[in-house]
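The structure appears below as structure tokens.
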Amino acid sequence: MKFHVFVFVGVVHFLPLNSGKAVYGNGISQRTFQEIKEEIARYGDVAKAIINLAVYGKARNRSYERLALLVDTVGPRLSGSKSLEKAIQIMHQNLQEDGLENVHLEPVKIPHWERGEESAVMLEPRIHKMAVLGLGSSIGTPPEGITAEVLVVTSFDELQRRAPEARGKIVVYNQPYTNYSRAVQYRVQGAVEAAKVGALASLIRSVASFSIYSPHTGIQEYQDGVPKIPTACITVEDAEMMSRMASRGSRIVIQLKMGAKNYPDADSFNTVAEIIGSKYPEQVVLVSGHLDSWDVGQGAMDDGGGAFISWEALSLIKDLGLRPKRTLRLVLWTAEEQGGIGALQYYQLHKANISNYSLVMESDLGTFLPSGLQFTGSDKARAIVEEVMCLLEPINVTQVFRAGEGTDINFWIQAGVPAQSIRTLIGLSVPASLDNEEPVYLMTCINISPSITPMETP
């Protein structure tokens, strides 16, 4: 992943050719594509140096070891928790000790929700203790819980057709998994839609393509004017079982207990560090990942890996004695899991300078085997990125896909700033280290603007 970041920095220099709403006025002459292509090709030796350092050299496994130390020391980093704030302070110190520039914290307000004790027990047609995880921002149940009959549906449409049956019941969604973007709507909106038809609570089949009897958590959203009801995720196996029971006409009764509580917003920070550009320091190439996580795991995959390869991108550039023409800015977001809260406040604070943002990047799709980059931007910019990715042929990661995205950078994308994210072969391979992804991320940073000069001495 380190390599992806470097490639981006270099190419950014050219993106203003046709990048959308972000308009640049620095007087850069528009060269022919052939001239740009030839300049990119001259970065072959730089690309090899990055690959060698990240994959084979002294930086090999460094990001993995850095990440392991944080997650082993701090553990889960839920929005509003003391653990998240401890992690932020540790990272602030780490970035300073790494010798990066302009290391600072930008204050934001974030949600504070705690899970509490929770349980779900099927009482009819048989006793069965179910694995359950409350969804972020859900309210709790009364201390005695909610005991009610279940209505199983497979879609919002079916819920509407059977609305009279839902009143006073617990709605169980057993939506089929076709893709994440479709299935996650039930997690986010399931409680609201169930409450509209008078349900007492909702249980959502975990948003997963496969399961080993492990429920998934995530954020859900309430809607003004609609009663708030408790909501949680159950396993794929239990959702399927109840669907089979219901199809046979069996009466299903569940007792749900949730001790979840919402507290006033807490103080937090986005963590920022830079390598200041040598020629256009006011122009920014942003690389990022989020530091927060959910509370039921260490957050190493979501999104510790993305945050640490973003940091490693700057470390590698510094170690190689390179300095981009544009400022390379690392942002470790807070409260992404609650809907990109930290990133939204960052955008609101910095959007007045949107014309200075050449490219925004986020790594939040897992630290699996990288297959290429996802890019959102003009056709001219895409052609440049494709040339840059040719420099990654030694590690066989050269493809450029559509739809660069990320919860934390979508605000900038919607405003017309070019964006990239790493595409991974999810589930096919989990590398022993993050090194193969780092070179892809890094080379993009460097060659987004064939703009690297030797590191200037202070």
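Taking mature numbering (1 follows the signal peptide of the UniProt record, and there is no 0), I'd label the letters of the sequence shown as residues -22 to -1, 1 to 436. Positions of the beta carbon are idealized from the N, C-alpha and C atoms, including for glycine.
- Under a 10 Å Cβ-count criterion, Ile319 is classified as buried, with 16 or more other Cβ atoms of the shown protein chains found around its own Cβ.
- Closest in C-alpha terms to Pro103, from the list Val375, Gln233, Asn374, Gly382, comes Gln233.
- From the listed residues Leu101, Glu95, Gly58, the smallest Cα separation to Pro85 is found for Gly58.
- With a 10 Å radius around the Cβ and a threshold of 16 neighbouring Cβ atoms, Thr354 comes out buried.
- Pairing Ser189 with Ala217, the inter-Cα distance amounts to about 11 Å.
- DSSP places Ala393 in no beta strand (DSSP E); its state is neither H nor E.
- For Asn80, the uninterrupted beta strand (DSSP E) run begins and ends at 79 to 92, by DSSP.
- Spanning the alpha carbons of Glu92 and Ser116 requires a straight line of approximately 9 Å.
- Here Tyr21 is buried. Its C-beta has 16 or more other C-beta atoms within 10 Å.
- With distances taken between CA atoms, Val185 lies nearest to Asn157 out of Asn157, Ala173, Gly176.
- Under DSSP, His268 forms a beta bridge with Trp311.
- The way I'd put it, the stretch 284 to 296 does touch the stretch 29 to 49; three or more beta-carbon pairs between them come closer than 8 Å.
- The C-alpha of Arg304 lies about 48 Å from the C-alpha of Ser133.
- When secondary structure is reduced to three states using DSSP, Arg20 falls in the coil class, being assigned neither helix nor strand.
- For the pair of segments examined, the stretch 61 to 78 was found to touch the stretch 241 to 261: the number of CB pairs separated by less than 8 Å reaches three.
- In the structure shown, Arg401 adopts extended strand secondary structure according to DSSP, grouped into three states.
- Looking at Arg307, Val395, Leu369, the one whose alpha-carbon comes closest to that of Lys26 is Leu369.
- Under the three-state reduction of DSSP, Ala126 is assigned to strand.
- Shown here, Gly284 sits in a helix according to DSSP, grouped into three states.
- Cα atoms of Gly282 and Ser341: separation of roughly 10 Å, rounded to the nearest angstrom.
- Cα atoms of Gln201 and Gln167: separation of roughly 9 Å, rounded to the nearest angstrom.
- When Arg307, Arg183, Lys87 are compared, the shortest CA-CA separation from Val130 is found for Arg183.
- When secondary structure is reduced to three states using DSSP, Glu260 falls in the strand class.
- Taking one beta carbon from each stretch, the stretch 370 to 380 and the stretch 306 to 321 have fewer than 3 pairs nearer than 8 Å; the two do not touch.
- Excluding sequence positions up to five before and after Gly384, its CB lies within less than 6 Å of the CB of Glu340, Asp342, Ser399, all in the same chain and listed in chain order.
- In the three-state DSSP reduction, Thr209 falls in the strand class (E or B).
- For Asp342, there is no enclosing alpha helix (DSSP H), since its DSSP letter is neither H nor E.
- Pairing Gln377 with Asp135, the inter-Cα distance amounts to about 39 Å.
- In this structure, Ala173 places its C-beta atom within 8 Å of the C-beta atom of Val204.
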